[in-house]
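Comments concern the structure below.
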Amino acid sequence: MFYFQQHSLRTTTTAHLMQTMSLIPLTALELYQHVEAELAANPALELIAERRCPVCGRLLPEGGYCPVCTRPISADGSEPIVFVSQRTDFVGGIGKRGQEEGEDEDEERFFKQPENLAEYVLQQIAPELGVEDRALAAYWLSHLNEDGLVDVSIEEVAWYHHVPVERVRAVQRLIQRCEPLGVGSCTTKEALLVQLDVLKEGNWVAELAQRMIVDGWDLLGKRQYGELARLLDCSVANVEAAVSYIAQNLNPFPGRGHWGQESNSHRSGQAYYVPDMIFSTADLNGKTQIMVEIIQPLAGTLRVNPLYQKITREAQGEQREELRSDLERAVLLVKCLQQRNHTLQRMMRLLTVMQRDFILGDERSLKSLTRAELAQQLGLHESTISRSVANKVVQLPNGRMLPLASFFVRNLGVRSVLRELVAKETYPLSDTELMNGLAERGFVVARRTVAKYRALEGILPSALRRPTGKRAV
DNA sequence: CTATGGCACGGATT
DNA sequence: AATCCGTGCCATAG
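Numbering (my numbering), first residue to last: 42 to 514.
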């Protein structure tokens, strides 16, 4: 029999196979590629059009989700619904998004997988372009460097293709709005502005960031915050806040895949815009029910080909051995897939309960949590959690994509108390005073650290806090 | 002189 | 082993 935990297979399997064993660390995209490759290489595996719930195995209704696994667990909606879904639309390219997911036609099981960033972007915009513009777009994208920026000028391209500059610009504009936001810009500055334009939620930080990039680009590069503040006629702390907003929400190199301060070195380029899990909400007697969809990008059910199984059983001698090894691989893959689904499901359920408010959009109610804690509660090894979290991307109900790793933060306690202290202050407290205040409440940190948190929370320095009043963020 | 930000190092986390 | 985070020291602004 097989074991899927930390133990290795002691059967005839090779070392290489053991590596492929755990599918848990794989992202949706990787899983898709992995399965596709396996499917092509191993005749014992088959993907049948029949849709079954990957978790409980029940037959799915037309285009729907498993009636059992997606049933509310508790009537008040406090328990999240976590289920595995088989949608492939994200992996196959955004272009398909508008259409339906129900097609089970065999030929359509797998979309063409974009080989690189350029192709991926092209797929997104192709439907909106005429033939000529498509060529233009392709040309433009062929100049993408690994940062997702283009180093030829619009004029050059226009000249080369004998079309008006405006035309090229229009195409570029279209490209820039694709995922990853800002691709195909000529400069970092341009990329940031595009992102800002799409993302800005009308909040003051974003506005300021925009002005900052437009007017104070050079100063920004030199980190001359004081100068910037003067130029933009605002406080240094505001500048700081805007800078941190940029650092956290924008990506100067659209091709290098990730947002925020999380860094995942491999998985560069294509990646973060394919969510691995999607949160959505539904109303349930006034209570908000959270649903978590774990993407398993298979349009159908993966299983061991029964015919193959039969042949193997009947085969003799050497041939039989050959067949058996394929069969084992197939069985292994299927089981690993189940294992992955099960583990991820458990993890997401717990995670969703703990970070409920955060998921619902309240940035501030992110609770501090470490991977180790979660591992303990789930009875899993912490490295398992680490790896399942690494490189994965989730989509929140509000549409925002962020790394799953952002659910794990260490010191939220201190930071929320800090906010509270500032909110209640009668006069602008200095960092040192804040430090003491925090210490009284049990958070002993250095003065320097207080300053850092302050910046992170977008709170102004004491000297400048009074005139502007308090920040509601 | 006080309050803060930058830089960089060491310990903790993953 | 690679990364992240808290801190100490120093420079700078007010």
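Cβ coordinates follow ideal geometry from the N, Cα and C atoms, glycine included. Note that the structure is a prediction, hence the values are computed from the model and not measured.
Only counting the same chain, and skipping five residues up and downstream in sequence, which positions put a Cβ closer than 8 Å to that of residue i?
i, result
"residue 46", "Only weak support exists for where residue 46 lies, its pLDDT of 36 falling under 50; the value from the coordinates is given anyway. Around residue 46: no qualifying Cβ."
"residue 402", "437, 438 and 439"
"residue 255", "234"
Quick one: give me the first and last residue of the beta strand (DSSP E) that residue i is part of.
i, result
"residue 79", "Residue 79 -> not in any beta strand (DSSP E); alpha helix (DSSP H) instead, spanning 69–82."
"residue 443", "442–444"
"residue 123", "122–126"
"residue 235", "First-last for residue 235: 229–240, but that is the alpha helix (DSSP H), not the beta strand (DSSP E)."
"residue 89", "86–89"
"residue 345", "342–345"
"residue 435", "434–436"
Using C-beta distances below 6 Å, list every residue in its chain close to residue i, excluding the 5 sequence neighbours before and after it, in chain order.
i, result
"residue 476", "488 and 491"
"residue 472", "488, 491 and 492"
"residue 139", "Residue placement at residue 139 is poorly supported in this model, since its pLDDT is 31, which falls under 50; the coordinates are not used for a value here."
"residue 459", "494"
"residue 199", "206 and 209"
"residue 399", "406 and 407"
"residue 506", "469"
"residue 283", "246, 249, 250 and 253"
Per DSSP, what kind of secondary structure is residue i in: helix, strand or coil?
i, result
"residue 328", "strand"
"residue 399", "helix"
"residue 154", "Since pLDDT at residue 154 reaches only 42, below the 50 mark, its modelled position is unreliable, and no value is offered."
"residue 334", "strand"
"residue 379", "helix"
"residue 93", "strand"
"residue 372", "helix"
"residue 485", "coil"
"residue 431", "coil"
"residue 352", "helix"
"residue 473", "helix"
"residue 498", "helix"
"residue 393", "helix"
"residue 425", "helix"
"residue 162", "helix"
"residue 503", "helix"
Which whole-angstrom value describes the C-beta separation of residue i and residue j, a residue pair presumed to lie in contact below a C-beta threshold of 8 Å?
i, j, result
"residue 253", "residue 240", "Their Cβ separation, rounded to whole angstroms, is 15 Å, which puts residue 253 and residue 240 out of contact at 8 Å."
"residue 86", "residue 340", "Residue 86 to residue 340, Cβ: 15 Å. No contact."
"residue 453", "residue 478", "Contact doesn't hold; Cβ gap of about 17 Å is too wide."
"residue 415", "residue 391", "7 Å"
Name the two residues that bound the continuous alpha helix (DSSP H) containing residue i.
i, result
"residue 461", "453–465"
"residue 209", "206–217"
"residue 220", "Run containing residue 220: none; DSSP gives neither H nor E here."
"residue 266", "266–273"
"residue 182", "172–183"
"residue 65", "First-last for residue 65: undefined, no H or E at that position."
"residue 416", "412–419"
"residue 197", "195–202"
Suppose the cutoff is 7 Å on Cβ atoms and the five residues either side in sequence are ignored; what does the same chain contact list for residue i look like?
i, result
"residue 375", "343, 344 and 345"
"residue 106", "124 and 126"
"residue 101", "92, 93, 94 and 107"
"residue 83", "367, 370 and 371"
"residue 286", "246, 247 and 250"
"residue 163", "178, 179 and 182"
"residue 151", "Since pLDDT at residue 151 reaches only 33, below the 50 mark, its modelled position is unreliable, and no value is offered."
"residue 217", "223, 224, 225, 226 and 235"
"residue 159", "182, 183 and 185"
Is the beta carbon of residue i less than 8 Å from the beta carbon of residue j?
i, j, result
"residue 427", "residue 385", "no"
"residue 319", "residue 331", "no"
"residue 257", "residue 273", "yes"
"residue 486", "residue 450", "no"
"residue 333", "residue 122", "yes"
"residue 278", "residue 501", "yes"
"residue 351", "residue 117", "no"
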